[in-house]
Amino acid sequence: MLAVIRPDSWNLPLFLHVLGATVLFGATATVAIVGFAGRTHAPQAPMLARVGLKTFLFGIIPGFILMRAAAGWIVDKEFPDKTPGWVDVGFAVSEPGAILLIALGILAWMSVRRQGVGRIAVAVPVLASIYLVALGIAWWAMSAKP
Amino acid sequence: MSTYEWLLFLHVTGAFLLLGGGVVAGSLNIAALRRDRPSEIVLLFGLIRIAVVSILIGTLLAFVFGLWLVHEAGYGYGDGWVITAIVLLIVANAMGGIGGKRDEATAKFAAELAAQGDAPSPELRSRVRDPISLALSYGSGLVLVAILAIMIWKPGA
């Protein structure tokens with residue numbers, strides 16, 4: 082198979098899109114990890130809940146904005162008229178995913194207020210894990226282009 | 782799905798596990814920098830081990846399927862961008878590995894302090910903020926971002 086060559090002008094938005102997506106993935110995984118760790122390390126649960134909220138604010142939000150803005154930028158260049166199905170899968174994950182992330186942020190904030198204990202503190206890592214699965218579906222669609 | 786698409790998916794999966802693991806390790810490390818209690822530092826450094834597993838699996842997937850992709854897509858193993866990416870991957874892993882070993886020693890020291898009353902210690906504070914460890918770990922992350930840029934721009938291809 083011949084190497085797939087794309088115009089140079091697509092490289093920067095693609096780089097920013099992938100960079101944002103990896104930051105989003107890593108930050109979401111961090112929220113899930115500290116959330117689950119809070120279940121088994123009760124004395125440190127308040128500290129872990131704070132780490133989860135700060136990771137949401139300084140990792141997930143910038144990562145999502147970078148990923149989504151760069152996605153729009155490259156789609157405008159690559160598919161100015163009609164987007165293929167695999168791009169639609171990406172948007173199908175990112176748009177409802179934004180609502181899920183807003184819910185995650187609210188729950189992470191409430192979890193800090195409740196010292197990282199209770200049902201809300203359990204919901205935070207569960208919701209983060211669901212979002213990780215959605216991101217996995219998106220990166221399969223983006224790379225395999227079914 | 783064609784062979785190329787499968788290989789690209791597995792290569793990208795490796796890249797996500799590698800870079801995402803780096804973000805997890807960095808986030809937990811930043812959190813540890815802001816703590817003084819030894820038991821909290823032990824816990825945060827302990828959680829970084831999960832990121833290390835992700836980084837190791839990601840490195841293996843990205844490397845193996847990346848080399849396979851080079852052949853499948855018609856590039857050459859002698860191309861400058863391929864060689865540069867491989868060298869940088871080795872450099873990133875070496876830097877991350879050395880930084881990680883220093884952090885492991887800090888975590889052991891923190892565990893000892895936690896067992897002896899869990900009081901904050903100036904020595905632990907300075908070890909957690911050791912500039913050499915931080916330069917190695919965060920430098921490793923920057924090298925990974927440089928590899929991502931090379932993968933996308935493929936200079937000279």
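One line per chain: the protein sequences are A and B, in this order. Residue numbering for the first sequence follows my numbering, beginning at 82 and increasing consecutively. Residue numbering for the second sequence follows my numbering, beginning at 782 and increasing consecutively. Even glycine gets a Cβ: it sits at the ideal position worked out from N, Cα and C.
* From the beta carbon of residue 224(A), is the nearest beta carbon of chain B less than 7 Å away? -> yes
* To do: If I'm right that residue 805(B) touches residue 832(B) with Cβ under 8 Å, what's the distance once you round it to whole angstroms?
  => 4 Å
* Cβ atoms of residue 862(B) and residue 930(B): under 7 Å apart, would you say? -> no
* **Same chain only: Cβ atoms within 6 Å of residue 170(A), ignoring 5 sequence neighbours per side** => 222
* Using three-state DSSP, classify residue 872(B) as helix, strand or coil. => helix
* To do: Report the option in 188(A), 128(A), 152(A) whose CA atom is closest to the CA atom of residue 173(A).
  => 152(A)
* Asked: Run through DSSP, which three-state label would residue 840(B) get?
  -> helix
* Alpha carbon to alpha carbon, what distance is there between residue 187(A) and residue 138(A)? -> 11 Å
* Residues of the stretch 854 to 887 of chain B with Cβ closer than 9 Å to any Cβ of chain A, in chain order -> 854, 855, 856
* the stretch 125 to 152 of chain A: positions lying closer than 7 Å to chain B by Cβ -> 125, 128, 132, 136, 140
* To do: Let me know if residue 790(B) comes out buried or exposed under the rule of 16 or more other beta-carbons within 10 Å of its beta-carbon.
  => buried
* Rounded to whole angstroms, how far is the Cβ of residue 105(A) from the Cβ of residue 216(A), which I believe are closer than 8 Å? -> 7 Å
* To do: Put residue 125(A) into one of helix, strand or coil per three-state DSSP.
  => helix
* Pair every Cβ in the stretch 188 to 208 of chain A with every Cβ in the stretch 90 to 106 of chain A, then say whether three or more of these pairs are closer than 8 Å. => no
* Asked: If you run the structure through DSSP and keep just helix, strand and coil, what is residue 82(A)?
  -> Since pLDDT at residue 82(A) reaches only 44, below the 50 mark, its modelled position is unreliable, and no value is offered.
* DSSP-derived helix/strand/coil call for residue 859(B) -> coil
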